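Under my numbering, the first residue of the sequence shown carries the number 437, and numbering increases by one thereafter.
To start, the structure under review is shown below, and the notes come after it.
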Amino acid sequence: MVNEIKKWEELSREEVFSKYGRKIEKVICRLPDGTESDFYIKKEGPAICVLALTKNKEVILAKQFRLGPNEIILELPGGRTEEGETPEQAIERELLEETGYKGKAKLVTEALDCAYSTMRRQCFVATDCEKIAEPQNTSSEICETVLLSLDEFRSLLRSGKMTDVEVGYLGLDYLGLL
């Protein structure tokens, strides 16, 4: 039995899938006990997500269909940073595109996605947000803006029936609203 935590030795890496800006790589490693094993890693760039609040402290969410869970769910606004954008510019763009709201976003922290992904999620908060437009829907992203009270949002977080739960908790903690 091996008791010492060590970094694994990577023997090979091969891209086995690439689409939608995401890749899956098969990585063969030598483990600390000398055995070899293969793993599949999601290779993704950084993501951005925001806990956005109106001046009345209502949480701004995007309601949309998501193919993974095959459900219509509530999500915190977010997405990817486009070429030439700072994360701050990207999150302000995503908030406006998905909800029609504008606010000044502040980076809180960066969180790992999961043990088998390279993604790091930059977690923002935005306060005193105001509605200035309608969501900018596309054929693959049709959003409806939903406002929840802080109590309703905390209940949604506890239910686990949304994505980016960690961003919700990190944002509430940062704002002293847990």
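Note that the Cβ used here is the ideal one computed from N, Cα and C, for glycine as well.
As the structure is a prediction and not an experimental result, all values here were calculated from the model.
Cβ distance (whole Å) where residue 478 is taken to contact residue 458 below 8 angstroms: 6 angstroms
Exposure of residue 466, with buried meaning 16 or more beta-carbon neighbours within 10 Å: exposed
Rounded Cβ spacing between residue 487 and residue 582 (contact assumed at less than 8 angstroms): Between residue 582 and residue 487 the Cβ distance is about 14 angstroms, and since that is not below 8 angstroms, they are no contact.
Cβ pair residue 510, residue 497 closer than 7 angstroms: yes
Residue 528 - containing alpha helix (DSSP H), residue span: 523–535
Validate contact between the segment 554–570 and the segment 448–456 using beta carbons, cut 8 angstroms, 3 pairs: no
Local conformation of residue 600 per DSSP, three classes: coil
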